[in-house]
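A.B. asks: Residue numbers are given in the working numbering: position 134 of the sequence shown equals residue 589, and the series is strictly consecutive.
Heads up, the beta-carbon is just placed ideally off N, CA and C, and yes, glycines get one too.
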Amino acid sequence: LAERKAAVGRNGKEYPVDTATMEDVTSLHKASMYGHGPVVEALIAAGAELNVVDTHGRTPLMLSCHNGEEAVLKALLESGASTLPKTRGAGATALMMAAQSGQTGAVRLLLEAGAVALEADASGRCAIRTLYEPNKLLR
Numbered sequence: 456l457a458e459r460k461a462a463v464g465r466n467g468k469e470y471p472v473d474t475a476t477m478e479d480v481t482s483l484h485k486a487s488m489y490g491h492g493p494v495v496e497a498l499i500a501a502g503a504e505l506n507v508v509d510t511h512g513r514t515p516l517m518l519s520c521h522n523g524e525e526a527v528l529k530a531l532l533e534s535g536a537s538t539l540p541k542t543r544g545a546g547a548t549a550l551m552m553a554a555q556s557g558q559t560g561a562v563r564l565l566l567e568a569g570a571v572a573l574e575a576d577a578s579g580r581c582a583i584r585t586l587y588e589p590n591k592l593l594r
């Protein structure tokens with residue numbers, strides 16, 4: 456049997472780290488999305504799955520790109536989160552999400568981690584194109 460990963464809550468009880476909602480959203484997804492760095496680090500230390508996807512195909516790394524919380528993004532990347540997964544349907548990567556959200560720091564960190572700027576989504580658009588659109592990151 457696989458070893459069950461658990462984190463200790465404030466009440467001293469152990470809870471499964473990768474428990475998900477009906478939409479397959481885990482605690483790591485939520486903590487990443489809302490920029491809760493200490494929670495992300497605790498979940499990673501407890502063995503949370505870094506590249507877990509929700510029903511939309513979004514990973515915690517992708518969700519962290521929307522708010523631009525660089526400490527969370529760094530923690531995920533340094534722990535081995537992949538920049539390669541794409542969302543279901545749209546086929547967006549974490550880099551595309553960061554670019555669309557105007558998060559320059561996140562874009563820089565993702566590119567430094569090896570994210571592919573020319574990777575196309577389902578409509579054929581790539582992150583580099585988003586970066587150069589009017590009112591986006593680069594002009």
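Skipping 5 residues on each side, what residues in its chain have a beta carbon closer than 7 Å to that of LEU518?
C.D. replies: Closer than 7 Å at the Cβ level, and outside the excluded window around LEU518, lie HIS484, SER487, MET488.
A.B. asks: Tell me whether THR481 sits in a helix, a strand or coil according to DSSP, three-state version.
C.D. replies: Correct three-state label for THR481: strand.
A.B. asks: Less than 7 Å between C-beta atoms, sequence neighbours within five positions excluded: which residues of the same chain meet that for GLY560?
C.D. replies: GLY523, GLU525, listed in sequence order.
A.B. asks: Taking GLU496 as part of the alpha helix (DSSP H), name the residues at either end of that continuous run.
C.D. replies: It spans 492-500 - the alpha helix (DSSP H) in which GLU496 sits, taken as one unbroken run.
A.B. asks: Comparing C-alpha positions only, which one of GLY490, GLY544, ALA572 sits nearest to GLY512?
C.D. replies: Measuring from the Cα of GLY512, the nearest candidate turns out to be GLY544.
A.B. asks: Applying the criterion that 16 or more other CB atoms from any shown protein chain within 10 Å of the CB defines a buried residue, is LEU516 buried or exposed?
C.D. replies: Burial call: buried.
A.B. asks: On a Cα-Cα basis, can you pick out the residue from ALA577, VAL494, ALA500 that is closest to PRO540?
C.D. replies: Nearest C-alpha to PRO540: ALA577.
A.B. asks: Under the three-state reduction of DSSP, which class applies to ALA575: helix, strand or coil?
C.D. replies: Residue state, collapsed to three classes: strand.
A.B. asks: State the DSSP-derived secondary structure class of LEU456, mapped to helix, strand or coil.
C.D. replies: Confidence at LEU456 is low in this model, with a pLDDT of 33, below 50, so its placement is unreliable and the value that follows should be read with caution. Coil.
A.B. asks: What first and last residue would you give for the alpha helix (DSSP H) that runs through VAL527?
C.D. replies: From DSSP, the alpha helix (DSSP H) with VAL527 extends over 525-533.
A.B. asks: Quick one: using the 10 Å Cβ neighbour count with 16 as the cut-off for buried, is THR510 buried or exposed?
C.D. replies: THR510 is exposed by the Cβ-count criterion.
A.B. asks: Which same chain residues, not among the five before or five after CYS581, have their C-beta less than 8 Å away from its C-beta?
C.D. replies: Here the set comprises MET551, ALA572, LEU573, GLU574, ALA575.
A.B. asks: Taking 8 Å as the cut-off, decide whether the C-beta atoms of ASN506 and ALA536 are in contact.
C.D. replies: Closer than 8 Å, so yes.
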